[in-house]
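Colleague: Here it is, the structure in full.
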Amino acid sequence: MKNENPIGLFDSGVGGTTIWREVVTLMPCENTLFLADSANAPYGEKSKEEITRLSDVNTQYLLDHGAKIIVVACNTATTAAISYLRAKYKQVPFIGIEPAIKPASLNSKSKKIGVLATRSTLASDLFAKTSNQMAEEEEVQIIERVGEGLVDLIESGQINSPKMTELLRQYLLPMVAEGIDYLVLGCTHYPYLLPQIKAILPPHIEVIDSGYAVAKQTRNVLQQRDLLTKHTSQGRHTWLTSGKVEILKGFAPDFVEIRKIESRRAEVRN
Ligand code: DGL
Numbered sequence: 209m210k211n212e213n214p215i216g217l218f219d220s221g222v223g224g225t226t227i228w229r230e231v232v233t234l235m236p237c238e239n240t241l242f243l244a245d246s247a248n249a250p251y252g253e254k255s256k257e258e259i260t261r262l263s264d265v266n267t268q269y270l271l272d273h274g275a276k277i278i279v280v281a282c283n284t285a286t287t288a289a290i291s292y293l294r295a296k297y298k299q300v301p302f303i304g305i306e307p308a309i310k311p312a313s314l315n316s317k318s319k320k321i322g323v324l325a326t327r328s329t330l331a332s333d334l335f336a337k338t339s340n341q342m343a344e345e346e347e348v349q350i351i352e353r354v355g356e357g358l359v360d361l362i363e364s365g366q367i368n369s370p371k372m373t374e375l376l377r378q379y380l381l382p383m384v385a386e387g388i389d390y391l392v393l394g395c396t397h398y399p400y401l402l403p404q405i406k407a408i409l410p411p412h413i414e415v416i417d418s419g420y421a422v423a424k425q426t427r428n429v430l431q432q433r434d435l436l437t438k439h440t441s442q443g444r445h446t447w448l449t450s451g452k453v454e455i456l457k458g459f460a461p462d463f464v465e466i467r468k469i470e471s472r473r474a475e476v477r478n
């Protein structure tokens, strides 16, 4: 595997760009290839089998295009499919993302934390394992809420819509009333909602996500395997979408090349 091959990342849609940003900020000389499977978003309402199948197709695409590591830039795909992917594609390291309930639990003073994530993430075994462990060891109460509809609005370019504000108020205000002092954003789309979320929450509530931790972990693994780029100039960046190019463009810095790919739901090789 060549050091100059790209870091591959995928998400159900545009949310993975929040992770891509952290990765590129930390490793500006790396080449990257990011796949937004927007034609099939949201993943959060799909079955574990369906999410695994889509994640498999995305992984194959990135590997076929030379990815030296795969960052599953999606909590939903990580919790549903990362064990399957690691077992199937042993030739490449995988980095996953999970809601940051550990740091939130360790730092919470009120011992009540809120988690906003997709239905599938909150129903997953991985999430149950970490949240049960935190509830036991740190004696925290974890208040979960499915962010139903949020990803759809982001994917259709309605981040700043009245509907978004209405949904966020509906999901967040009951958590505030319960006394949370940390809100965990458990979906990679949600950091784009930070301005609205901050406007709804009282200022003492900390909002955290796992983006920076994922970027650091990616760098560590590349370093351990001697896979970091040797280049010292800015990397090349390509974003691919199975959905609408104009939507993804709205999230992209100028230096990113954007291309449309076909939605490849059906083709999974064994
Ligand atoms: N961005 C995703 C996550 O981190 C998934 C959103 C969805 O497709 O439902 O969970």
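In terms of the working numbering, the sequence shown opens at residue 209 and continues consecutively. For glycine and all other residues, C-beta sits at the position ideal for the given N, C-alpha and C.
1) Locate the alpha helix (DSSP H) running through R327, then write down its first and last residues.
2) What does the alpha-carbon distance come out to for the pair E306 and T286?
3) How close, in whole Å, do the beta carbons of E352 and L330 come, if the pair is a contact with beta carbons under 8 angstroms?
4) For a cutoff of 8 angstroms on Cβ pairs, would you count K296 as touching chain B?
5) Compare the beta carbon distance of K320 and V348 with 8 angstroms and say whether it is the shorter of the two.
6) Report all residues from its chain with a CB closer than 7 angstroms to the CB of T426; omit the five preceding and five following residues, and keep chain order.
7) Taking 7 angstroms as the line, does the beta carbon of H397 fall inside it for any heavy atom of the ligand DGL?
8) From I227, I290, A244, D272, pick the residue whose C-alpha is nearest to that of E257; which is it?
9) State the DSSP-derived secondary structure class of R467, mapped to helix, strand or coil.
10) Do G224 and A244 have their CB atoms nearer than 8 angstroms?
11) If you follow the alpha helix (DSSP H) that Q431 is part of, which residue opens it and which one closes it?
12) Could you tell me if R467 is buried or exposed, where buried requires 16 or more neighbouring beta carbons within 10 angstroms of its beta carbon?
13) Just to confirm, is the Cβ distance from L430 to I413 under 8 angstroms?
14) Is the beta carbon of C237 within less than 7 angstroms of some heavy atom of the ligand DGL?
15) With burial defined as no fewer than 16 other Cβ atoms inside 10 Å of the residue's Cβ, what is the status of K254: buried or exposed?
16) Using the DSSP secondary-structure output, state which residues sit across from Q349 in a beta bridge.
17) For D389, which of helix, strand or coil comes out of DSSP?
18) Rounded to a whole number of angstroms, what is the C-alpha to C-alpha distance between N239 and G443?
19) On the premise that K424 lies in contact with L234, defined as a C-beta separation below 8 angstroms, what is that separation, rounded to the nearest angstrom?
20) Can you tell me whether G451 sits near the ligand DGL, meaning its C-beta is under 7 angstroms from at least one heavy atom of the ligand?
21) Between E346 and L314, is the Cβ-Cβ spacing less than 8 angstroms?
22) What are the boundary residues of the beta strand (DSSP E) that includes A281?
23) When you compare only the Cα positions, how much space is there between G458 and D434?
24) Is A325 buried or exposed, if buried means 16 or more other CB atoms sit within 10 Å of its CB?
25) Tell me the residue span of the beta strand (DSSP E) that contains E454.
26) Is G221 near the ligand DGL, judged by its Cβ being under 7 angstroms from some heavy atom?
27) Taking the beta strand (DSSP E) that I413 falls in, what are its first and last residues?
28) Just to confirm the assignment, what range does the beta strand (DSSP E) spanning G216 have?
Modeller: Inspection of the coordinates gives the following:
1) The continuous alpha helix (DSSP H) containing R327 extends over residues 327 to 330.
2) Distance between the alpha carbons of E306 and T286: 7 angstroms.
3) Confirmed, Cβ separation roughly 5 angstroms.
4) Absent from the structure is chain B; it holds one protein chain and no more.
5) When the beta-carbon positions are compared, K320 and V348 come within less than 8 angstroms of each other.
6) The residues are I215, V231, I277, V279, I303.
7) Yes, the Cβ of H397 comes within 7 angstroms of a heavy atom of the ligand DGL.
8) Nearest to E257 by alpha-carbon distance, out of I227, I290, A244, D272, is I290.
9) DSSP places R467 in strand when its eight states are reduced to three.
10) Yes, they are a contact pair.
11) Start and end: 419 to 432.
12) Exposed.
13) It is not a contact, given that the beta carbons lie outside the stated cut-off.
14) Proximity of the beta carbon of C237 to the ligand DGL is not indicated: no heavy atom of the ligand is located closer than 7 angstroms.
15) So K254 counts as buried.
16) Note: Q349 sits in a beta bridge opposite K320.
17) In this structure, D389 counts as coil in the three-state DSSP scheme.
18) If I take the Cα positions, the gap works out to 4 angstroms.
19) Contact holds; Cβ gap of about 7 angstroms.
20) Not under cutoff, so the answer is no.
21) In contact: E346 and L314 (Cβ atoms closer than 8 angstroms).
22) Taken as a continuous stretch (DSSP letters only), A281 belongs to no beta strand (DSSP E), as it is neither H nor E.
23) Taking the straight line joining both Cα atoms gives about 35 angstroms.
24) Of the residues assessed, A325 falls on the buried side of the cut-off, its CB having 16 or more other CB atoms within 10 angstroms.
25) Premise fails: E454 lies in the alpha helix (DSSP H), 453 to 457, not in any beta strand (DSSP E).
26) Indeed, a heavy atom of the ligand DGL lies less than 7 angstroms from the Cβ.
27) From DSSP, I413 is part of no beta strand (DSSP E); its letter is neither H nor E.
28) Start and end: 215 to 219.
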